[in-house]
Structures are given as structure tokens and as C-alpha cells.
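A.B. asks:
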Amino acid sequence: MVSYKELGFSNTKRMFEVALERKFAIPGYNASNLEQLQGIIIGCGESDSPVIVQITQTSLKYINKSMVRYMGKGCVEMANDLRYNIPIALHLDHGDSFELCKSCIDLGFSSVMFDGSHLEYEENINITKKIVIYAHEREVSVEAELGVIAGIEEHVKASDHYYTDPEQVEDFVNRTSCDSLAIAIGTSHGAYKFKVEKEEDIPELRFDVLEEVRKRLGKFPIVLHGSSSIPQKYVNLINEYGGKVSKAFGIPETQLKKATQYGVCKMNIATDSRILFTAMIRKYFQENIDQFDPRKYLGSARQELIEMIKKKNKEVLGSAGQAGYI
Ligand code: 13P
Numbered sequence: 236m237v238s239y240k241e242l243g244f245s246n247t248k249r250m251f252e253v254a255l256e257r258k259f260a261i262p263g264y265n266a267s268n269l270e271q272l273q274g275i276i277i278g279c280g281e282s283d284s285p286v287i288v289q290i291t292q293t294s295l296k297y298i299n300k301s302m303v304r305y306m307g308k309g310c311v312e313m314a315n316d317l318r319y320n321i322p323i324a325l326h327l328d329h330g331d332s333f334e335l336c337k338s339c340i341d342l343g344f345s346s347v348m349f350d351g352s353h354l355e356y357e358e359n360i361n362i363t364k365k366i367v368i369y370a371h372e373r374e375v376s377v378e379a380e381l382g383v384i385a386g387i388e389e390h391v392k393a394s395d396h397y398y399t400d401p402e403q404v405e406d407f408v409n410r411t412s413c414d415s416l417a418i419a420i421g422t423s424h425g426a427y428k429f430k431v432e433k434e435e436d437i438p439e440l441r442f443d444v445l446e447e448v449r450k451r452l453g454k455f456p457i458v459l460h461g462s463s464s465i466p467q468k469y470v471n472l473i474n475e476y477g478g479k480v481s482k483a484f485g486i487p488e489t490q491l492k493k494a495t496q497y498g499v500c501k502m503n504i505a506t507d508s509r510i511l512f513t514a515m516i517r518k519y520f521q522e523n524i525d526q527f528d529p530r531k532y533l534g535s536a537r538q539e540l541i542e543m544i545k546k547k548n549k550e551v552l553g554s555a556g557q558a559g560y561i
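The sequence shown finishes on residue 561 if you use our numbering, and the numbering steps up by one all the way, no holes.
#1: Do SER535 and TYR519 come within 8 Å of each other at the CB atom, strictly closer than that value?
#2: At 4 residues or longer, and completely inside the stretch 300-341: list those alpha helix (DSSP H) runs for me, N to C.
#3: Are there three or more Cβ pairs, one per stretch, closer than 8 Å when the stretch 501-515 is compared with the stretch 470-478?
#4: Below 8 Å on the Cβ atoms is my contact criterion, and I expect ALA227 with GLY351 to pass it. Report the Cβ-Cβ distance as a whole number of Å.
#5: Could you check if THR506 belongs to the surroundings of the ligand 13P, using beta carbon to heavy atom distance under 7 Å?
#6: In chain order, what are the residue ranges of uninterrupted alpha helix (DSSP H) at least 4 long that sit wholly in the stretch 445-502?
#7: So, is THR495 buried or exposed, given that buried needs 16 or more other C-beta atoms within 10 angstroms?
#8: Would you mind sorting PRO322 into buried or exposed? The rule is 16 or more other CB atoms within 10 Å of its CB.
#9: Return the residue from the list PRO456, VAL458, ALA426 that minimises the CA-CA distance to SER481.
#10: Please classify VAL237 as buried or exposed, where buried requires at least 16 other C-beta atoms within 10 Å of its C-beta.
#11: Which residues does DSSP pair with LEU416 in a beta bridge?
#12: With a 10 Å radius around its C-beta and 16 neighbouring C-beta atoms as the bar for buried, classify PRO438 as buried or exposed.
#13: Could you tell me whether any non-hydrogen atom of the ligand 13P is closer than 7 Å to the CB of ASN268?
#14: Does the pairing of the stretch 321-338 with the stretch 271-288 give three or more beta-carbon distances under 8 Å?
#15: By how many angstroms is the C-alpha of ILE465 removed from the C-alpha of ALA266?
#16: Just the C-alpha distance for LEU491 and ILE384, rounded to the nearest angstrom, thanks.
#17: Tell me where the alpha helix (DSSP H) around SER535 begins and ends.
#18: For the ligand 13P, I want to know if SER463 counts as a neighbour, meaning its beta carbon is within less than 7 Å of at least one of the ligand's heavy atoms.
#19: For GLN557, which residues from the same chain have a beta carbon less than 8 Å from its beta carbon, with the 5 sequence-adjacent residues on both sides left out?
#20: Please name the residue or residues paired with TYR264 in a DSSP beta bridge.
#21: Heavy atom of the ligand 13P less than 7 Å from the Cβ of ASP328, yes or no?
#22: With H, G and I counted as helix, E and B as strand and the rest as coil, what does DSSP make of TYR397?
#23: For a test of your reading of the model: does the CB of ASN265 fall under 7 Å from any non-hydrogen atom of the ligand 13P? Yes or no.
#24: Which stretch, first to last residue, makes up the beta strand (DSSP E) that contains PHE349?
#25: Once you ignore the five residues that flank LYS545 on each side, which residues in its own chain have a CB closer than 8 Å to its CB?
#26: For the ligand 13P, is there any heavy atom lying closer than 7 Å to the beta carbon of HIS424?
#27: Looking at C-alpha atoms only, which residue of GLU312, PRO529, LEU452, LEU533 is the closest neighbour of GLY498?
#28: With a threshold of 8 Å on Cβ separation, who are the neighbours of ARG441 within its own chain once the five nearest residues in sequence on each side are excluded?
#29: Please classify TYR264: is it buried, with 16 or more other beta-carbons within 10 angstroms of its beta-carbon, or exposed?
#30: How many angstroms separate the CA atom of ILE486 from the CA atom of HIS460?
#31: On the CB-based measure, 16 or more other CB atoms within 10 Å of its CB, does MET502 come out buried or exposed?
#32: Given a cut-off of 8 Å, decide if LEU272 and MET306 are closer than it, judged by their beta-carbon atoms.
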């Protein structure tokens with residue numbers, strides 16, 4: 236058992252206080268390999284942004300638990316080596332049980348999410364509460380979820396969308412004492428967020444629901460899952476270089492930016508990195524048919540990820556330049 240403090244992580248408490256005060260969102264970037272982790276740390280370090288590194292249950296299995304702990308510690312040490320002074324949280328994304336959340340806390344995570352959104356309301360409350368008690372004894376943050384976010388996120392699959400009911404949020408937060416709440420306002424997981432033919436037809440998120448939740452919760456951290464914008468540049472590259480991804484659209488950056496002004500202080504981004512990696516590696520292979528060094532093709536994707544993250548932090552989330560306030 237190890238505390239996240241020994242590994243050099245921060246919990247999300249101070250990050251969210253500052254983000255709410257200064258109206259920006261902390262990026263929750265998902266990673267499942269070394270190059271994504273490096274890209275996240277360098278991208279956030281170079282833009283002076285706090286960051287939440289997110290690992291799902293399937294990535295935990297893919298990488299190996301002990302490896303995650305030491306790769307996580309490696310993120311902190313790499314940031315120190317490069318003289319980045321940014322707070323880094325290690326977060327379990329979409330935990331589905333008390334046992335899993337507990338094991339991640341014991342492994343050194345500084346924040347966990349329990350996703351009980353598919354459960355009956357009372358059951359969601361009971362399990363979230365149990366996790367909060369264990370986590371808070373160790374100063375670990377807990378994110379909970381109310382309302383179902385459609386789409387596919389690894390082991391989480393939901394075909395239907397249920398917007399968060401603003402009438403439930405106060406009761407849920409008071410009874411669970413969770414530290415932040417993910418709500419459903421029209422975003423979804425994965426690359427196929429909308430059944431539309433073109434970008435212009437993407438509907439608006441339910442800012443009315445967000446506003447109502449905000450009114451009821453006051454200055455409480457609200458989390459937006461499914462916040463990839465699916466840059467068409469990478470979708471086009473995939474298709475141009477032999478792939479087949481069609482009608483993949485994300486949340487327009489203007490809407491994400493607007494959400495930061497309505498109390499959303501964390502945005503989860505996983506698919507953009509996957510699309511980018513696939514695009515860059517496909518391009519690399521076709522343009523360099525005689526190459527076979529993983530450092531070359533993964534390195535080109537990593538560099539592109541660094542640039543994308545810097546741009547997002549600066550132009551969309553507003554987290555660039557904020558690390559010093561935390
Ligand atoms: P995207 O699929 O939009 O990247 O969302 C990821 C997410 O919400 C992880 O929890």
C-alpha cells in the first residue's frame with residue numbers, strides 16, 4: 236500500500252477550487268501507453284497547465300497495476316527533471332466497484348471515479364458514499380456520476396442517453412459528499428457522438444441542464460465526460476492513409492469553451508488522442524515504408540499529441556498558464 240503523496244501526485248481539491256474561481260477546466264487526459272503519458276506531461280508542462288492523468292480499468296489491465304504506479308511516478312519525476320512546476324493527479328476513470336476504487340487508492344491514485352450512473356439512484360448513493368469514506372480518510376478525491384452518458388468508453392457502454400435530472404443533484408452531493416460530479420448534458424464517449432452527416436448539424440449541448448445544475452450546486456466542481464472534439468484533420472488523415480472512419484464528430488470547441496464559463500471545471504478527453512495516434516502512425520507507415528523502429532512512428536505521434544494538448548489547454552480549456560495559481 237502506498238499513498239499518492241509518496242509518489243508526488245496532488246489530489247484534485249485545490250485544482251478545482253482554482254479552476255472554478257478562474258473559470259477554466261482542468262484537462263483529464265486518458266493514457267494507455269508510454270508515449271501518451273509523455274505527450275500529456277510535456278504538453279501540459281510546456282503550457283504550464285495542471286493535469287489529471289486518467290487510467291481506465293482496461294488500461295490498468297493492459298499496462299499492469301505495478302507498471303501504472305511506477306509509470307505514474309515517472310510522470311512526476313519526468314516533470315521535475317524538465318523543470319515543469321505543474322500539479323499532477325493520477326485518476327481512475329470509470330471505476331465500477333468499491334473494490335476497484337479501493338485497490339487504486341492503495342496503489343497510489345490521488346483521485347478515483349465511481350461510475351454508478353447505470354445503477355438505481357439509492358444504490359449509486361450507497362456505493363459512492365462507501366468509496367468517499369475510504370478515500371477521504373486518505374485525502375483522495377472522488378468523482379461521481381449522475382445521468383447516463385451514451386457511447387462506448389472501453390468497458391462502459393450505453394446506447395441511450397439520460398440527461399442528469401437537476402432535481403437530484405443537491406441530494407446526491409449532500410448524501411455522498413463526493414468531490415465532483417460528472418453530469419450528462421449531451422456529450423457522449425467515443426468517436427461517433429452524433430448521428431449527423433456534417434459538422435454544421437451537431438446539436439447544442441443542454442446548457443439549460445448545466446445552468447440548472449450549477450444553480451443548485453453553487454460553486455461545486457462539475458465534470459464533463461466525452462469532451463473530445465474529434466479534429467477532422469486527423470479523421471481525414473486516417474481516411475487518406477488507408478483507414479475507414481466516417482462521420483466521426485466531436486463536441487465543437489466553441490461549446491466546450493462555453494461550458495467552462497458555466498462551472499465545468501474538468502473535461503475528459505480520450506478519443507482525440509487515439510484518433511491522432513492512429514492518423515499519425517498510418518501516415519508515417521505509408522510515407523516511410525522501409526522503417527520499423529517504434530521510436531520513429533510512435534515518436535511522430537507523440538510530438539503531434541504534445542502540440543494538440545498545448546493548443547487545447549490554451550484555446551479551449553483555458554488551463555494553460557494556470558499551474559502557478561494552484
Ligand atoms: P471522449 O471519448 O470524448 O474522449 O471522452 C472520454 C471520457 O469521457 C473518458 O471518461
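Beta carbons are placed, not taken as given, at the ideal position from N, Cα and C, and that holds for glycine.
C.D. replies: With the given structure in hand:
#1: By 1-based counting over the sequence shown, the position of residue 519 is 284. By 1-based counting over the sequence shown, the position of residue 535 is 300. In contact: TYR519 and SER535 (Cβ atoms closer than 8 Å).
#2: 300-316
#3: yes
#4: In the structure as shown, the chain begins at 236 and stops at 561. Residue 227 is therefore absent and cannot be evaluated.
#5: Here residue 506 refers to the residue found at position 271 of the sequence shown. Answer for THR506: yes, Cβ within range of the ligand 13P.
#6: 467-475, 488-495
#7: Start at 1 with the first residue of the sequence shown, and residue 495 comes out as number 260. The residue in question, THR495, is buried, as its Cβ has 16 or more Cβ neighbours within 10 Å.
#8: As a first step, residue 322 is located in the sequence shown; it is residue number 87 there, counting from the start. With 16 or more other Cβ atoms within 10 Å, it is buried.
#9: Residue mapping note: residue 481 aligns to position 246 of the sequence shown, counting from 1. SER481 has its Cα closest to that of ALA426, out of PRO456, VAL458, ALA426.
#10: As a first step, residue 237 is located in the sequence shown; it is residue number 2 there, counting from the start. Classification of VAL237: exposed, given that the 10 Å Cβ count is below 16.
#11: As a working note, residue 416 is residue 181 in the sequence shown. ALA379, ILE457, per the DSSP bridge assignment.
#12: For this step, residue 438 is matched to residue 203 along the sequence shown. Result: exposed.
#13: Residue mapping note: residue 268 aligns to position 33 of the sequence shown, counting from 1. Distance from the C-beta of ASN268 to the nearest heavy atom of the ligand 13P is not below 7 Å.
#14: Because the criterion of three Cβ pairs below 8 Å is met, the stretch 321-338 and the stretch 271-288 touch.
#15: To locate residue 266, count along the sequence shown from 1; it is residue 31. To locate residue 465, count along the sequence shown from 1; it is residue 230. Going from the Cα of ALA266 to the Cα of ILE465 covers about 16 Å.
#16: Against the sequence shown, residue 491 aligns to sequence position 256. Against the sequence shown, residue 384 aligns to sequence position 149. In a straight line, the C-alpha of LEU491 is about 16 Å away from that of ILE384.
#17: Numbered from 1 along the sequence shown, position 300 holds the residue referred to as residue 535. 529-547 is the extent of the alpha helix (DSSP H) around SER535.
#18: Here residue 463 corresponds to residue number 228 of the sequence shown, with the count starting at 1. It does: the Cβ of SER463 is within 7 Å (strictly closer) of some heavy atom of the ligand 13P.
#19: The residue labelled residue 557 in the question sits at position 322 within the sequence shown. Cβ within range, chain order: VAL253, ALA254, ARG257, PHE259, ASP283, SER284, PRO285.
#20: Here the question's residue 264 lines up with position 29 in the sequence shown. Answer is VAL288, ILE504, bridged to TYR264.
#21: As a first step, residue 328 must be located in the sequence shown, where it is residue number 93. Yes, Cβ of ASP328 sits closer than 7 Å to a heavy atom of the ligand 13P.
#22: Counting from 1 along the sequence shown, the entry for residue 397 is found at position 162. Residue state, collapsed to three classes: strand.
#23: As a first step, residue 265 must be located in the sequence shown, where it is residue number 30. Annotation for ASN265 indicates a beta carbon within 7 Å of some heavy atom of the ligand 13P.
#24: By one-based count along the sequence shown, residue 349 stands at place 114. Here the beta strand (DSSP E) through PHE349 covers 346-349.
#25: The residue labelled residue 545 in the question sits at position 310 within the sequence shown. Here the set comprises GLY278, GLU281, SER282, ALA555.
#26: For the purposes of this step, residue 424 is identified with residue 189 of the sequence shown, where counting begins at 1. Under cutoff, so the answer is yes.
#27: Counted from its first residue, the sequence shown places residue 498 at position 263. GLY498 has its Cα closest to that of LEU452, out of GLU312, PRO529, LEU452, LEU533.
#28: By 1-based counting over the sequence shown, the position of residue 441 is 206. Excluding sequence neighbours, ARG441 sits near TYR398, ILE420, GLY421.
#29: Within the sequence shown, the letter at position 29 stands for residue 264. That one is buried.
#30: Along the sequence shown, one-based indexing puts residue 486 at 251. Along the sequence shown, one-based indexing puts residue 460 at 225. Rounded to whole angstroms, ILE486 to HIS460 spans 11 Å at the Cα level.
#31: Sequence index remark: in the sequence shown, residue 502 carries index 267 (1-based). Label assigned to MET502: buried.
#32: Mapped onto the sequence shown, residue 306 falls at position 71. Mapped onto the sequence shown, residue 272 falls at position 37. Closer than 8 Å, so yes.
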